[in-house]
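The listed protein sequences correspond, in order, to chains A and V.
Under the numbering used here, the letters of the first sequence match residues 333 to 554, in that order.
Under the numbering used here, the letters of the second sequence match residues 333 to 554, in that order.
Reading through the structure tokens given below for one structure.
2 protein chains.
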Amino acid sequence: MLQQITHSGSSSEAVEPGAWGDRKIGRVMSPKMPLFHQGDEATHFYKVNSGVVMTFRLLADSQRQITGFCTAGDFLGLSSDDTHHDTAITVATSNVVSLTMADVRADVELQRELFNQTCSQLEDAQNMMMTLSKKSAGEKVAAFLVMLAKRQKRQSAEESQELDINLPMSRLDIADYLGLTIETVSRRLTDLKCKGVIKLPSRHTAHICQLGQLETMAGALA
Amino acid sequence: MLQQITHSGSSSEAVEPGAWGDRKIGRVMSPKMPLFHQGDEATHFYKVNSGVVMTFRLLADSQRQITGFCTAGDFLGLSSDDTHHDTAITVATSNVVSLTMADVRADVELQRELFNQTCSQLEDAQNMMMTLSKKSAGEKVAAFLVMLAKRQKRQSAEESQELDINLPMSRLDIADYLGLTIETVSRRLTDLKCKGVIKLPSRHTAHICQLGQLETMAGALA
DNA sequence: CGTGAGATTGATGCAAGTCAACGACCGTGG
DNA sequence: CCACGGTCGTTGACTTGCATCAATCTCACG
């Protein structure tokens with residue numbers, strides 16, 4: 333378990349430079365592949381074309397905070413001081429492109445997109461601060477499911493109350509994202525199941541029965 | 333108390349356009365003056381020249397999360413969708429300049445500065461996520477004092493273990509920043525006082541006796 | 001069909017929240 | 001200048017939600 337968390341030494345495991353596919357097409361990566369490690373020099377940053385990548389940072393005592401789950405269209409790995417302050421690894425099979433600041437300087441449209449995304453990520457992070465500090469365990473779990481539902485619905489632009497969502501990450505990942513323990517995540521999920529708001533057909537799938545209800549339980553955000 | 337928190341209707345109280353001084357010199361504002369309100373259209377953003385401005389966001393049930401304290405050099409009020417997602421008010425007397433995206437487009441140096449700052453703020457927000465979800469109350473309060481010490485030292489570039497710091501904000505502000513209650517903030521502060529790490533000569537001043545010790549108690553961040 | 005990591009469920013403890021009373025400071029007006 | 005009132009802060013008693021510890025379950029994979 334800790335092995336998953338601790339990053340063994342340097343960037344030795346990260347993808348070697350030059351192994352990236354064409355800039356537009358990107359590179360397909362299987363689950364649990366690191367993009368970069370906390371402390372690495374930030375020579376590149378990345379854009380997710382498909383799949384899920386998560387970023388996290390470690391405290392000295394190996395506590396872990398997952399800072400975000402990146403899905404299609406999201407950028408990650410930007411740094412203000414040329415050092416990565418977190419580690420990024422794929423959660424599911426993903427297609428990722430690698431970029432440099434030189435690419436950005438050459439492309440005005442990319443500049444705009446990048447700046448907007450960064451502002452947007454800052455807002456998300458601030459919302460997450462609210463969630464982490466003010467919400468109860470139940471609200472956090474509900475909010476997490478709603479977030480996943482929104483993202484996965486965006487792709488398959490439905491509008492129904494009912495939908496299946498993917499949970500490619502482990503319970504520990506969810507716990508470390510929400511600032512809870514796996515036990516608490518598990519308990520609150522079964523609560524939701526007992527209340528009939530969701531079903532859990534398999535470990536990595538959730539069926540949402542009443543999205544509106546779930547949103548209510550997630551607590552308002554503004 | 334709630335009056336302080338609830339924003340009464342629209343942006344009526346915010347500074348009227350045109351009341352800003354010269355773009356470089358800025359505008360002096362007394363404490364508790366709002367710059368903009370959550371929900372306002374984001375026509376301008378701001379840079380703090382001196383003083384302290386805080387930003388916060390409200391949940392529907394009027395819970396408050398302070399998203400940051402901005403001091404000299406910090407930008408605030410950027411938005412990815414032209415709506416302010418938080419409210420900004422001065423904590424102490426401050427000098428603030430107002431800017432627009434047009435200003436940015438006209439100034440390449442400002443672009444760089446702004447982009448760097450935004451990345452940096454994102455990293456800070458992610459660190460804050462760690463603090464909020466993983467640290468104990470005692471660690472949070474210690475970390476808060478260390479943060480203030482670092483900022484105020486940066487200005488008067490000393491390097492000693494001992495220094496006085498200003499606490500212009502109320503205990504409620506500190507609590508809402510750290511995700512605690514005023515009672516807990518108060519208790520942890522008196523703990524630190526009893527341990528001889530700090531002194532509290534007045535309500536809005538703290539004297540740090542052993543900065544190193546305080547940093548240890550704040551818990552490592554990487 | 002075993003085996004082990006991941007997930008669930010149950011029992012217990014503790015850190016922080018809540019409720020309540022008191023104390024200290026600040027500005028105001030006599 | 002001092003007396004007063006109100007806000008803000010501190011301290012104490014009690015409650016509670018989540019973490020912790022521990023046992024069992026399940027299901028993915030060799």
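Note that CB positions come from ideal geometry on N, CA and C, so glycine has one too.
Residue from the options whose Cα sits closest to the Cα of residue i
i: P500 of chain A; options: A:N448, A:M549, A:A424 and A:K467; result: A:A424
i: T422 of chain V; options: V:A374, V:G470, V:F368 and V:G511; result: V:F368
i: D406 of chain V; options: V:T513, V:S426, V:L553 and V:R519; result: V:S426
i: T419 of chain V; options: V:S452, V:D508 and V:G409; result: V:G409
i: L477 of chain V; options: V:R520, V:N381 and V:H416; result: V:R520
i: Q542 of chain A; options: A:A550, A:D439 and A:S430; result: A:A550
i: A404 of chain A; options: A:E445, A:G383, A:K527 and A:W352; result: A:G383
i: I540 of chain V; options: V:Y378, V:R503 and V:K525; result: V:K525
i: T415 of chain V; options: A:L504, A:Q484, A:E455 and A:L512; result: A:E455
i: D413 of chain V; options: V:S465, V:E373 and V:S534; result: V:E373
i: A507 of chain A; options: A:V380, A:P363, A:R396 and A:G371; result: A:R396
i: S411 of chain V; options: A:N448, A:R503, A:A392 and A:P363; result: A:N448
i: S430 of chain A; options: A:A469, A:F377 and A:E494; result: A:F377
i: P363 of chain A; options: A:R444, A:V428 and A:R535; result: A:V428
i: T522 of chain A; options: A:E441, A:A469, A:E491 and A:Q453; result: A:A469
i: T399 of chain A; options: A:R444, A:R535, A:T537 and A:Q370; result: A:Q370
i: L532 of chain V; options: V:I497, V:Q545, V:E491 and V:T516; result: V:I497
i: F401 of chain V; options: V:G528, V:A457, V:T516 and V:R437; result: V:A457
i: K556 of chain V; options: V:A552, V:L480 and V:L546; result: Given that chain V is displayed from residue 333 to residue 554, the structure contains no residue 556 of chain V and the question cannot be resolved.
Within-8 Å CB hit, residue i to chain A
i: C402 of chain V; result: no
i: L553 of chain V; result: yes
i: E565 of chain V; result: Residue 565 of chain V cannot be examined here, being either before or after the span of chain V that is shown, 333 to 554.
i: K466 of chain V; result: yes
i: E445 of chain V; result: no
i: S340 of chain V; result: Low confidence applies here, because S340 of chain V scores a pLDDT of 38, under 50, leaving its location unreliable and the question unanswered by this model.
i: R389 of chain V; result: yes
i: T375 of chain V; result: no
i: T548 of chain V; result: no
i: S382 of chain V; result: no
i: S452 of chain V; result: yes
i: M501 of chain V; result: no
i: M460 of chain V; result: yes
i: A392 of chain V; result: yes
i: N427 of chain V; result: no
Beta-bridge pairing of residue i - partner residues as DSSP gives them
i: T537 of chain A; result: A:N498 and A:S534
i: A420 of chain A; result: A:F368 and A:T387
i: F377 of chain V; result: V:L431
i: M361 of chain V; result: V:S426
i: S382 of chain A; result: A:N427
i: I398 of chain V; result: V:F388
i: T415 of chain A; result: A:E373
Span of the alpha helix (DSSP H), counted from its first residue to its last, around residue i
i: S518 of chain V; result: I514 to C526
i: Q458 of chain V; result: V440 to K466
i: Q542 of chain V; result: Note, Q542 of chain V: premise wrong, no alpha helix (DSSP H); not H, not E.
i: A404 of chain A; result: That residue, A404 of chain A, is in no alpha helix (DSSP H); it is neither H nor E in DSSP.
i: D393 of chain V; result: Neither: D393 of chain V is in no alpha helix (DSSP H) and is coded neither H nor E.
i: L504 of chain V; result: R503 to L510
N-terminal and C-terminal residue of the beta strand (DSSP E) that residue i is part of
i: K426 of chain A; result: Looking at the sequence shown, residue 426 of chain A is not Lys but Ser. Note, S426 of chain A: beta strand (DSSP E), S426 to L431.
Any chain V beta carbon closer than 8 Å to residue i
i: A457 of chain A; result: yes
i: G511 of chain A; result: yes
i: Q545 of chain A; result: no
i: H417 of chain A; result: yes
i: Q397 of chain A; result: yes
i: N498 of chain A; result: no
i: S412 of chain A; result: yes
i: R535 of chain A; result: no
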